[in-house]
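Each position in the sequence shown, counted from 1, maps to that position plus 40 in this note's numbering. Cβ coordinates follow ideal geometry from the N, Cα and C atoms, glycine included. Everything below concerns the one structure shown next.
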Amino acid sequence: MRIIDKTAAQVRSLTPAEEALLVEFATGSLNGPRLLQANQLLMKVRSANQWLACDCRKDALPVLNVTLNGSTGTLFLKNNPGTAEHAPGCPFTKDEREAEEREAQPTPPAAWLPPDTPLRLIGDFRKASEGTAEAGERREQQRLLSLLLTWIEISGLNLYATHLKKDLTGQFAELRSVASRYPLVERVPAGNYLETRLDMKHMMMLKARLRETTAFGNHRRHGLLLDCIDQVKGRKLLNNRSADGFDFQGHHLYWGGSRASGPLLALALYSPTSAGSHFYELIHVASVPVLSRAHLFPVYRDEEREPLKALVSLIDWMAGKGVKVQMRRPVIGGQVMDELVLTSDQDRVLSVSLLEQPIGPEPDAENFKRFADFKSLETFRKYVAGFFMRER
Numbered sequence: 041m042r043i044i045d046k047t048a049a050q051v052r053s054l055t056p057a058e059e060a061l062l063v064e065f066a067t068g069s070l071n072g073p074r075l076l077q078a079n080q081l082l083m084k085v086r087s088a089n090q091w092l093a094c095d096c097r098k099d100a101l102p103v104l105n106v107t108l109n110g111s112t113g114t115l116f117l118k119n120n121p122g123t124a125e126h127a128p129g130c131p132f133t134k135d136e137r138e139a140e141e142r143e144a145q146p147t148p149p150a151a152w153l154p155p156d157t158p159l160r161l162i163g164d165f166r167k168a169s170e171g172t173a174e175a176g177e178r179r180e181q182q183r184l185l186s187l188l189l190t191w192i193e194i195s196g197l198n199l200y201a202t203h204l205k206k207d208l209t210g211q212f213a214e215l216r217s218v219a220s221r222y223p224l225v226e227r228v229p230a231g232n233y234l235e236t237r238l239d240m241k242h243m244m245m246l247k248a249r250l251r252e253t254t255a256f257g258n259h260r261r262h263g264l265l266l267d268c269i270d271q272v273k274g275r276k277l278l279n280n281r282s283a284d285g286f287d288f289q290g291h292h293l294y295w296g297g298s299r300a301s302g303p304l305l306a307l308a309l310y311s312p313t314s315a316g317s318h319f320y321e322l323i324h325v326a327s328v329p330v331l332s333r334a335h336l337f338p339v340y341r342d343e344e345r346e347p348l349k350a351l352v353s354l355i356d357w358m359a360g361k362g363v364k365v366q367m368r369r370p371v372i373g374g375q376v377m378d379e380l381v382l383t384s385d386q387d388r389v390l391s392v393s394l395l396e397q398p399i400g401p402e403p404d405a406e407n408f409k410r411f412a413d414f415k416s417l418e419t420f421r422k423y424v425a426g427f428f429m430r431e432r
């Protein structure tokens with residue numbers, strides 16, 4: 041068994057002890073410190089974007105990748121599709137049909153999560169005898185993004201009005217207040233195990249609380265880290281508090297179907313990597329682009345940022361003239377997420393999209409406008425101002 045990069049160039053051969061460890065891992069016979077040791081070895085391979093090549097055949101090279109079990113947050117080995125089959129009797133031979141069926145399932149859309157209902161964002165550790173993950177693991181991953189979007193909706197971050205404006209401290213206070221209504225598991229409020237700052241100090245504080253608590257009972261201990269970050273690059277969360285960033289081992293779930301540049305409001309799941317371990321890591325991460333580090337209003341695509349800033353400035357200007365306008369963005373449960381709905385205290389409603397290309401069906405409304413139909417940002421601003429301020 042050897043480690044290779046994705047050009048098939050050899051990085052190094054495994055030692056006999058490492059190979060014996062992975063054989064036991066593949067057959068599900070590890071527990072305790074040796075299971076942790078195997079996970080750490082595999083995590084290094086995965087983090088370096090490398091694969092494992094099996095030496096069970098002389099004529100071809102069966103290749104395995106280190107994959108994450110989305111339900112439990114633990115690692116397993118998967119045979120790369122299209123590469124050679126293992127020799128008969130090789131301990132790394134597996135039937136991957138069920139895994140392929142799971143991957144073929146479409147990713148479910150983000151859904152509203154009701155308060156006071158256990159979230160169960162991550163499965164409990166499985167015993168070796170219990171087999172592999174269930175088919176619903178991708179839905180469990182998706183719950184983290186659903187949770188972030190639900191918190192944005194309830195806390196009012198997707199609503200902007202001059203008289204409702206809050207500073208960054210106030211915006212995070214709203215998020216923490218909402219989190220207290222959501223139990224991670226039965227009778228364990230998410231707010232008790234939530235840190236709203238991503239740095240080593242707050243990760244250690246959260247780890248200490250999780251290690252000392254008995255509130256989780258027999259369930260896997262886990263907490264949440266929520267912060268505004270600069271970007272997600274590879275398997276790293278990058279912000280201005282760490283030059284190296286913070287590694288995560290799971291999936292990055294992002295809103296809108298495509299990645300966007302920062303700043304991003306990110307929610308990360310924090311948990312031990314194996315049963316009985318005191319080693320905690322960031323598992324899955326969900327992110328939503330926001331307007332700025334000081335204003336956590338959700339942005340659907342990067343191209344919206346400049347016209348959105350212009351709309352915020354315009355709403356503030358109209359408020360100074362005595363015209364109160366609110367801007368709301370549906371983030372969950374709506375058909376057209378790029379739609380912004382502006383309403384005034386005089387019951388005037390204007391629906392706008394800031395994207396160049398439409399997404400989904402165009403709303404069947406008389407007062408719907410696309411920014412792309414205007415010659416310039418200034419022309420668009422004048423139209424919106426005139427719509428709400430005429431006959432005043």
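If I measure Cβ to Cβ from residue i and keep anything under 7 Å in the same chain, skipping five residues before and after, which residues do I get?
i: residue 247; result: 320
i: residue 363; result: 384, 428, 429, 432
i: residue 45; result: 51, 90
i: residue 419; result: none
i: residue 190; result: 152, 153, 372
i: residue 231; result: 216, 219, 220
Would residue i and residue j be called neighbours here (beta carbons separated by less than 8 Å)?
i: residue 117; j: residue 106; result: yes
i: residue 120; j: residue 91; result: yes
i: residue 339; j: residue 300; result: yes
i: residue 162; j: residue 372; result: no
i: residue 151; j: residue 366; result: no
i: residue 333; j: residue 268; result: yes
i: residue 304; j: residue 352; result: no
i: residue 380; j: residue 388; result: no
i: residue 425; j: residue 354; result: yes
i: residue 277; j: residue 308; result: yes
i: residue 345; j: residue 331; result: yes
i: residue 265; j: residue 222; result: no
Under a three-way DSSP split, which group does residue i fall into?
i: residue 91; result: strand
i: residue 105; result: strand
i: residue 209; result: helix
i: residue 365; result: strand
i: residue 203; result: helix
i: residue 315; result: coil
i: residue 420; result: helix
i: residue 347; result: helix
i: residue 328; result: strand
i: residue 53; result: strand
i: residue 70; result: coil
i: residue 216; result: helix
i: residue 132; result: coil
i: residue 322; result: strand
i: residue 43; result: strand
How about residue i: is its C-beta nearer than 8 Å to some C-beta of chain C?
i: residue 313; result: In the structure shown, chain C does not exist; there is a single protein chain.
Using the rule of at least 16 other Cβ atoms within 10 Å of the residue's Cβ for burial, across every protein chain shown, is residue i buried or exposed?
i: residue 302; result: buried
i: residue 290; result: buried
i: residue 55; result: exposed
i: residue 279; result: buried
i: residue 274; result: exposed
i: residue 484; result: Shown here, the chain extends from 41 to 432; a query on residue 484 therefore has no answer.
i: residue 97; result: exposed
Counting only the same chain and skipping the five closest in sequence on each side, list residues whose C-beta sits under 8 Å from that of residue i.
i: residue 131; result: 63, 66, 67
i: residue 203; result: 359, 364
i: residue 423; result: 409, 414
For residue i, which residues from the same chain have a beta carbon less than 6 Å from its beta carbon, with the 5 sequence-adjacent residues on both sides left out?
i: residue 206; result: none
i: residue 239; result: 281
i: residue 294; result: 327
i: residue 314; result: 75, 76, 79
i: residue 410; result: 393
i: residue 59; result: 41
Run through the region 219–300 for me and flag every whole alpha helix (DSSP H) of 4 or more residues, listed as ranges in chain order.
240–252
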